[in-house]
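**Q**
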Amino acid sequence: MSESRSTGVQQADNEMVSTIIETGVTTEELPEEVENLLAKDLPLTNIDEGDREYIRLLAENIVLYAKEKRPPKQSNVVGDVGACLLEEPDYQNAPFSQKQLNNIQSSLITLFTRASRGKGGWQQDKITENIETKRVEDAREEEDSGRFSGWF
Amino acid sequence: MILQAILWSVLGLIIGAGGLFAFAGSSWLRDGLLRKILQSNREGWIMTQRGTTYDLDPVERDSDANCYKIGSGDDVEYVEDTAGMMHSLEGVPLGLRLEGERPIVDIESAESAVAHDQKVMDGGEIEPVSKEDAVSPEPSVDDLSGFDMDDLEERFIIGKKKGRNRKILYCNPYVLREKVPDIVDLRDTPKTLTHDTDPDTPRKAAANAVEAERATLSDWGDVWDFAKIASAFMTGAIATYIGTTATGGGGGGGAAPSVDVGLTIAPMLPDLMGLVL
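Quick note, the sequences are listed as chains S and A, same order.
All residue numbers for the first sequence refer to our numbering, where the first residue is 1 and numbers rise by one.
All residue numbers for the second sequence refer to our numbering, where the first residue is 1 and numbers rise by one.
The structure is reproduced here in structure tokens:
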């Protein structure tokens with residue numbers, strides 16, 4: 001395979017992997033702890049069913065802790081009032097909105113499904129198969145074009 | 001004669017019954033009964049407000065988790081005294097809390113919460129007193145000249161001024177406790193909290209942690225390790241896992257971020273002051 005073609009194939013492989021491991025969910029309003037749960041390397045791990053359950057349960061604990069960092073819905077200790085009460089000029093903590101709470105629950109489901117792709121290294125195997133298939137096809141194409149190129 | 005005897009007997013009964021009622025209603029007896037009840041659980045009691053009713057629940061101190069436990073099994077609830085509001089009555093710890101909340105409060109903090117809730121939280125923007133003031137605002141006593149004592153008293157943030165790269169807040173965190181009703185209502189205490197707490201969270205987190213460890217066991221050799229974990233859970237050792245990860249300390253386990261739970265009450269500022277941001 002020529003060098004430029006090889007580079008192109010490598011780039012296509014990298015793009016494919018990036019697309020596969022992308023979460024596809026809205027993360028801007030998620031707390032940092034929950035956003036970290038959607039790490040890109042999770043689908044590329046090699047875990048078994050027990051590890052998956054371990055991840056799910058500890059993720060639930062992280063969500064519990066993240067929720068407790070925010071004030072309750074009816075709290076007055078938010079924004080400027082909170083800054084005055086606590087004498088912290090940068091204090092801007094606020095309760096979670098219903099939309100944020102729904103997004104957090106969606107993230108847990110996403111985490112669970114992404115973890116399933118790392119079960120037994122399934123995702124890694126599929127990526128490897130895909131790359132090998134493409135390389136075999138590309139090599140065959142190059143060979144065919146080389147064989148018949150002088151005829152026309 | 002007989003009539004006289006009957007008359008004296010009835011009179012004696014009336015006097016005796018009256019004396020008995022007076023004795024039963026006496027503060028001496030009442031205080032004695034209260035002391036007996038409180039001292040039946042020297043670890044402490046929590047008065048929980050559920051709606052408009054109050055229940056007195058015995059608590060058990062969990063020193064590993066630095067919490068108090070109410071109930072047992074799946075119904076256990078954890079309450080915390082991070083703000084130091086657990087006082088004592090008859091030499092026994094006693095605290096107050098609202099149903100569904102974890103922090104222990106006291107009467108003063110509950111009264112402050114009620115009083116703060118009656119205030120106007122944000123008084124809005126203060127009009128600049130001059131063109132120069134509007135262009136580059138500085139704190140000035142003239143800013144409050146348009147307010148009378150009632151305005152200052154009924155507002156928490158009296159007013160705000162904004163300028164380039166700065167914001168000035170004038171606030172009055174003081175409350176008048178005379179205006180608070182005599183009966184303590186704890187339902188406003190969540191309005192002073194900086195963290196959304198749930199008394200069931202420590203139990204749920206511990207249960208998840210135990211289940212997570214159990215899920216990773218793969219053979220009989222690990223069952224003994226699980227048995228040790230399960231027994232440690234029963235004796236409150238898993239509560240240490242919750243306590244240490246919750247405070248950001250502990251070794252090895254810390255995937256969870258630090259959580260600082262507690263009750264925040266308005267600080268006592270020495271004078272009315274402006275907060276320059």
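By construction, the Cβ of each residue, glycine as well, lies at the ideal position given by its N, Cα and C atoms.
Remember, predicted model here, so these are calculated numbers, not experimental data.
(1) Since Lys119(S) contacts Ile47(S) with CB under 8 Å, what's their CB separation in whole angstroms?
(2) How about the region 208-215 of chain A and the region 57-71 of chain S: do they share at least three Cβ pairs that are nearer than 8 Å?
(3) Could you please tell me which residues of the region 179-204 of chain A, in chain order, have their CB closer than 8 Å to any CB of chain S?
(4) Nearest-angstrom Cα distance between Ser112(A) and Val120(A)?
(5) State the Cα-Cα distance for the pair Ile157(A) and Asp150(A), rounded to the nearest angstrom.
(6) Once DSSP output is grouped into helix, strand and coil, what is the label at Val184(A)?
(7) If we count the other Cβ atoms within 10 Å of its Cβ and call it buried at 16 or more, is Asn76(S) buried or exposed?
(8) Say whether the region 127-146 of chain A touches the region 100-118 of chain A, bearing in mind that this needs 3 or more beta-carbon pairs closer than 8 Å, one atom from each stretch.
(9) Given that Thr216(A) touches chain S, what residues does it touch there, using C-beta distances under 7 Å?
(10) Find the nearest neighbour of Thr309(A) within the set Asn66(A), Leu34(A), Pro202(A), Ile70(A), judged by alpha-carbon distance.
(11) Can the beta-carbon of Leu31(S) be found less than 8 Å from the beta-carbon of Leu193(A)?
(12) Which residue's Cα is closest to the Cα of Asp41(S): Thr133(S), Arg114(S), Ala139(S)?
(13) Check each residue of the region 67-97 of chain A: if its Cβ is closer than 7 Å to any Cβ of chain S, include it; give the result in chain order.
(14) Where does Glu22(S) fall in DSSP's three states?
(15) Does any CB atom of chain S fall closer than 8 Å to the CB of Ala209(A)?
(16) Out of Arg56(S), Gly79(S), Glu53(S), Glu35(S), which one is the CA nearest neighbour of Lys160(A)?
(17) Give the straight-line distance between the Cα atoms of Val312(A) and Ala22(A), rounded to the nearest whole angstrom.
(18) Which residues, in order along the region 70-85 of chain S, keep a beta-carbon less than 8 Å from a beta-carbon of chain A?
(19) Going by beta carbon distance, what residues of the same chain come within less than 8 Å of His87(A), once the five residues before and after it are set aside?
(20) Do the CB positions of Tyr68(A) and Gly44(A) come within less than 8 Å of each other?
(21) For Leu101(S), would you say it is in contact with chain A, using Cβ-to-Cβ distances shorter than 8 Å as the test?
(22) Let me know the alpha helix (DSSP H) ranges lying completely inside the region 103-166 of chain A, each 4 residues or longer, listed in chain order.
(23) Return the Cβ separation of Ala110(A) and Thr189(A) in integer angstroms, given the expectation that the two are a contact with Cβ distance under 8 Å.
(24) Can you tell which of Asp55(A), Arg177(A), Val59(A), Arg102(A) has its C-alpha closest to the C-alpha of Gly71(A)?
(25) Chain S beta carbons: is any one of them nearer than 8 Å to that of Ala65(A)?
(26) Tell me Val76(A)'s beta-bridge partners as DSSP assigns them.
(27) Going by other Cβ atoms of all chains shown within 10 Å of its Cβ, with 16 needed for buried, is Gly12(A) buried or exposed?
(28) In the DSSP assignment, what residue or residues form a beta bridge with Ser106(S)?
**A** The short version:
(1) 6 Å
(2) In short, these stretches touch, since the Cβ pair count reaches three.
(3) Pro190, Lys191, Thr192, Leu193, Thr194, His195, Asp196, Thr197, Asp198, Thr201, Lys204
(4) 14 Å
(5) 13 Å
(6) In the structure shown, the three-state DSSP call for Val184(A) is coil.
(7) Looking at its Cβ environment, which holds 16 or more other Cβ atoms inside 10 Å, Asn76(S) is buried.
(8) no
(9) Gly50, Asp51, Tyr54
(10) Outside the modelled stretch of chain A, which goes from 1 to 277, sits residue 309(A), for which no answer is possible.
(11) First, the residue type needs correcting, since residue 31(S) is Pro and not Leu in the sequence shown. Not closer than 8 Å, so no.
(12) Arg114(S)
(13) none
(14) coil
(15) Yes - at least one Cβ of chain S is within 8 Å of the one on Ala209(A).
(16) That would be Gly79(S), whose Cα lies nearest to the Cα of Lys160(A).
(17) Nothing about residue 312(A) can be read from this structure; chain A reaches only from 1 to 277.
(18) Arg70, Pro71, Pro72, Lys73, Gln74, Ser75, Asn76, Val77, Asp80, Val81, Gly82, Ala83, Cys84, Leu85
(19) Pro93, Leu94, Gly95, Asp106
(20) yes
(21) no
(22) 107-117, 131-135, 149-154
(23) 6 Å
(24) Gly71(A) has its Cα closest to that of Val59(A), out of Asp55(A), Arg177(A), Val59(A), Arg102(A).
(25) no
(26) In the DSSP output, where bridge partners are listed per residue, Val76(A) has none listed.
(27) With fewer than 16 Cβ atoms within 10 Å of its Cβ, Gly12(A) is classed as exposed.
(28) Note: Ser106(S) sits in no beta bridge, so no partner.
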